[in-house]
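2 protein chains.
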Amino acid sequence: MAVLETTKARVARATTFAVAKADLPLGRILDGDCVEAMRSLPDNSVDCVFADPPYNLQLGGDLNRPDGSQVDAVTDHWDQFDSFKIYDDFTRDWLTEARRVLKPDGSLWVIGSYHNIYRVGAILQDLGFWILNDIVWRKTNPMPNFKGTRFTNAHETLLWCSQGEKAKYHFNYRAMKTLNDELQMRSDWVLPICSGGERLKEGGTKVHPTQKPEALLYRVLLATTEKGDVVLDPFFGTGTTGAVAKRLGREWIGCERENVYRDAAYKRIAKELPLDESAIETMQSKKSAPRVAFGALVENGYIMPGTKVFDKKRKWIATVRADGSLAYDKQVGSIHGLGKELQGAPSCNGWSFWHYEVDGDVKPIDAARQLYLLAMED
Amino acid sequence: MAVLETTKARVARATTFAVAKADLPLGRILDGDCVEAMRSLPDNSVDCVFADPPYNLQLGGDLNRPDGSQVDAVTDHWDQFDSFKIYDDFTRDWLTEARRVLKPDGSLWVIGSYHNIYRVGAILQDLGFWILNDIVWRKTNPMPNFKGTRFTNAHETLLWCSQGEKAKYHFNYRAMKTLNDELQMRSDWVLPICSGGERLKEGGTKVHPTQKPEALLYRVLLATTEKGDVVLDPFFGTGTTGAVAKRLGREWIGCERENVYRDAAYKRIAKELPLDESAIETMQSKKSAPRVAFGALVENGYIMPGTKVFDKKRKWIATVRADGSLAYDKQVGSIHGLGKELQGAPSCNGWSFWHYEVDGDVKPIDAARQLYLLAMED
DNA sequence: TTTAGATCTGAATCGGTGG
DNA sequence: TCCACCGATTCAGATCTAA
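Chains as they are written, first to last, in the UniProt record's numbering: chain Y, 1 to 378; chain H, 1 to 378.
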């Protein structure tokens with residue numbers, strides 16, 4: 001989660017799950033059935049899986065597997081249990097492979113509608129995936145319900161999962177908050193459907209029936225991957241995932257069994273230009289910024305020993321000591337510990353709790369840390 | 001896997017055992033476990049089931065806000081389940097009873113969050129329920145994600161189901177469209193959480209941790225039940241379903257095992273006043289409104305033979321004939337047929353296409369039909 | 001009495017590191 | 001695996017408090 005990976009952890013991962021990116025089919029669309037295609041990839045090798053599986057449950061009529069193959073009907077009449085079962089088996093198969101290929105700290109995204117998402121959600125939970133959020137893509141311009149028989153089906157659902165309850169994952173909190181005008185990004189995303197110039201067409205007709213908008217993938221990849229990460233899309237279609245991945249400086253691998261879609265995707269992605277390095281940089285959360293001890297500020301003269309620091313209401317006025325500790329009356333402690341003690345709170349962020357005066361202005365001591373960090377960059 | 005009862009069989013059963021409303025415990029909250037309680041109800045006896053089952057939240061330790069205060073979490077015993085398997089069994093049990101009690105043309109609503117809704121959705125599909133829509137309740141004021149670790153969980157999901165793929169169901173399309181300012185009601189509903197005067201409190205603390213807003217139930221009941229219908233809520237809590245049902249002139253039955261909730265619900269519902277008959281009347285969809293032939297308007301003097309009718313741009317001016325047909329130049333036809341012919345369109349709604357003058361105003365001829373329908377009601 | 005500011009709260013699967 | 005410690009983190013709306 002926007003963690004700054006420690007050297008120790010990085011080494012452990014590198015040795016335990018040694019997969020060189022060079023050994024992966026980066027920027028390639030694997031032909032054939034996605035389960036078979038994924039079998040050719042090593043364990044723990046991709047950082048993110050984005051999947052837009054088919055949801056042709058085929059209830060009622062003739063029965064085909066979602067991969068297009070014919071169901072071996074013996075004498076059977078098919079009812080919905082049979083077709084749910086086939087869809088469930090298919091879902092379990094591809095999710096199992098995706099889980100194997102995904103790194104322990106990677107994340108899985110699946111998009112679907114009410115026809116299939118409840119089956120997919122239950123199965124991925126059964127497999128051990130841990131749902132972090134379900135995201136609602138609220139369409140600004142959905143197809144109306146022409147017959148007036150139901151509510152206009154105006155959304156689709158995305159599931160975002162880690163490998164397990166205790167698994168780590170990456171979330172670029174600060175980038176999402178920035179993208180959302182300094183408010184936390186919510187679980188409902190308002191985006192138009194894919195149309196206009198973005199929609200791939202061949203001779204006036206759309207190449208793929210369910211092409212997803214690039215804005216959707218943009219948000220998914222910006223939120224949960226880093227530059228250079230590898231993204232796998234087992235149902236690549238016309239390559240929206242690949243196009244956006246390339247634009248954002250991520251690596252990609254696709255699986256797609258239809259020639260037409262593969263050709264269209266390769267052409268499309270070839271035209272795509274990666275953004276500048278500087279454009280891809282996102283706002284960093286404080287979590288991943290280097291740690292600065294308060295003592296370092298004192299040591300380096302950003303805050304002088306003897307400085308008076310105080311809370312917003314000046315209820316407590318403490319003194320900075322030479323070693324970076326604070327003293328209030330008989331009590332002594334770190335900026336966090338003393339703040340916690342005095343308030344009787346479960347925890348305290350000393351950086352924002354304590355203030356000091358600079359040129360007549362009152363600022364949190366975090367301001368001194370920012371100055372220090374700026375100076376360090378040069 | 002359980003045997004799926006066919007729609008045909010269900011209908012047969014329903015007709016064999018007709019249930020008088022007088023035999024039902026209307027306006028009562030059944031004590032004890034909801035599965036046991038539902039067993040006391042006859043087959044095919046209620047028109048709608050609305051269920052807000054426990055969500056099976058898996059919460060860790062305490063959660064503090066950035067200001068140090070503690071979040072009052074849902075830690076009640078009724079939300080504790082040891083595993084998915086146990087939760088699934090529980091879900092299958094209550095859904096099975098709900099299915100038995102629900103009429104063949106009734107509908108089921110379930111509300112949940114990502115913790116449980118995928119399990120519930122898959123199981124109800126397995127049982128034969130047919131999802132008509134999934135509805136997203138977008139909260140205007142959700143709790144933020146204090147730790148900055150995920151997207152703000154800003155919605156809950158409702159599933160609306162019929163008894164099966166071929167089953168009939170009721171949807172008050174026109175009422176929903178009217179409620180939504182003459183636009184089709186969408187699958188995403190924007191509503192605030194329950195707070196303020198609506199939130200039941202005892203000595204300053206909330207009676208129930210997850211009381212639902214009345215506006216949510218209002219929309220559910222208005223959309224899919226009729227006046228006099230019986231609504232069953234197997235997880236009655238503090239009785240939001242009952243209160244709104246009573247207000248809207250629907251009958252209700254609840255199940256609730258906590259004394260505290262039952263007492264609060266009875267008190268609350270006693271205070272509730274039913275709306276006037278006239279207020280409950282909703283816009284009738286054209287399907288259930290009596291069909292009116294244009295000829296009947298002519299016959300009854302709402303539009304005189306010889307009246308000139310015309311399209312909005314007055315490109316075509318036709319004459320009403322005594323039998324209700326229209327004449328334009330050499331062409332003659334019904335209001336729909338002639339409109340279609342003249343425009344060269346695949347179809348035409350004559351009621352909105354043709355206009356006439358009344359007291360200097362230009363109105364679509366549908367206005368005359370509305371007058372006629374109003375007169376018919378008296 | 002009014003208003004601005006402070007406080008409180010809601011179905012929440014809500015940390016990482018090093019010893 | 002558990003524990004101590006560091007330190008990052010919130011939005012909208014209702015209600016309460018003080019001026």
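No residue lacks a Cβ here, since even glycine has one placed at the ideal position from N, Cα and C. Computed from a predicted structure; not experimentally measured.
- With at least 16 other beta carbons inside 10 angstroms of its own, Y/L30 counts as buried.
- Excluding sequence positions up to five before and after Y/E341, its CB lies within less than 8 Å of the CB of Q331 and G333, all in the same chain and listed in chain order.
- Contact between H/Y261 and H/T238 holds: CB atoms are separated by about 5 Å, below the 8 Å threshold.
- Contact of H/R138 with chain Y by beta-carbon distance below 7 Å involves D188.
- A Cβ-Cβ separation of about 5 Å places H/A122 in contact with Y/R119 under the 8 Å criterion.
- At a cut-off of 7 Å, the C-beta of H/P144 has a neighbouring C-beta in chain Y.
- Per DSSP, the unbroken beta strand (DSSP E) holding Y/T319 starts and ends at I317 to V320.
- Beta-bridge partners of Y/W130 (DSSP): Y/S162.
- Secondary structure of H/Y169 (DSSP, three-state): coil.
- Contact annotation for H/R150 against chain Y: L132, N133 and F171 [CB-CB distance below 7 Å, chain order].
- Under the three-pair Cβ rule at 8 Å, the segment 143 to 159 of chain H does not count as touching the segment 141 to 150 of chain Y.
- Under the criterion of beta carbons closer than 8 Å, Y/D47 and Y/D229 qualify as touching, at roughly 4 Å.
- Residue pairing by DSSP puts Y/S107 in a beta bridge opposite Y/C48 and Y/S162.
- Going by C-alpha positions, H/V292 is about 7 Å away from H/R369.
- Boundaries of the beta strand (DSSP E) around H/D361: D361 to P364.
- If you draw a straight line from the Cα of H/I269 to the Cα of H/G242, it is about 7 Å long.
- Within a 10 Å sphere around the beta-carbon of Y/G249 sit 16 or more other beta-carbons, which makes this residue buried.
- The DSSP-derived three-state label of H/Y302 is coil.
- A residue is called buried when at least 16 other Cβ atoms come within 10 angstroms of its Cβ; Y/S107 meets this threshold and is buried.
- The closest CA to that of Y/C348, considering only Y/G339, Y/Y356, Y/H355 and Y/W354, is found on Y/G339.
- C-alpha of H/C255 to C-alpha of H/A37: approximately 7 Å in a straight line.
- By the criterion of a C-beta distance shorter than 6 Å, Y/A223 is surrounded in its chain by N172 and M176, once the five residues flanking it on both sides are discounted.
- Y/L102 sits away from Y/L127, with the two beta carbons spaced by 7 Å or more.
- If the five residues before and after Y/G324 are omitted, its C-beta is found closer than 7 Å to the C-beta atoms of A293, F294, G295 and V298, all from its own chain and listed in chain order.
- Taking C-alpha positions only, Y/V207 is separated from Y/R257 by approximately 15 Å.
- Residue environment for Y/E97: buried (at least 16 other C-beta atoms within 10 angstroms of its C-beta).
- Listed along chain H are N133, D134, R186 and S187, each with a C-beta nearer than 9 Å to that of Y/N153.
- No Cβ of chain Y is located within less than 7 Å of the beta carbon of H/N116.
- With contacts defined as CB atoms closer than 7 Å, Y/V220 and Y/W252 fail to qualify as a contacting pair.
- By the Cβ rule, the segment 76 to 93 of chain H does not count as touching the segment 19 to 26 of chain H, because fewer than three pairs are nearer than 8 Å.
- Under DSSP, H/F310 takes part in a beta bridge, and its partners are H/I317 and H/H355.
- Using a 10 angstroms sphere on the CB of H/T91, the tally of other CB atoms reaches 16 or more, which defines it as buried.
- Against chain H, the beta carbon of Y/P192 has no neighbour under 9 Å; the closest one sits roughly 14 Å away.
- Distance from Y/R247 to Y/L216 at the Cβ level is roughly 14 Å; contact not present, criterion being Cβ atoms closer than 8 Å.
- In this structure, the straight-line span from the alpha carbon of Y/G337 to that of Y/T140 is close to 49 Å.
- Burial check for H/L124: the Cβ neighbour count within 10 Å reaches 16 or more, so the residue is buried.
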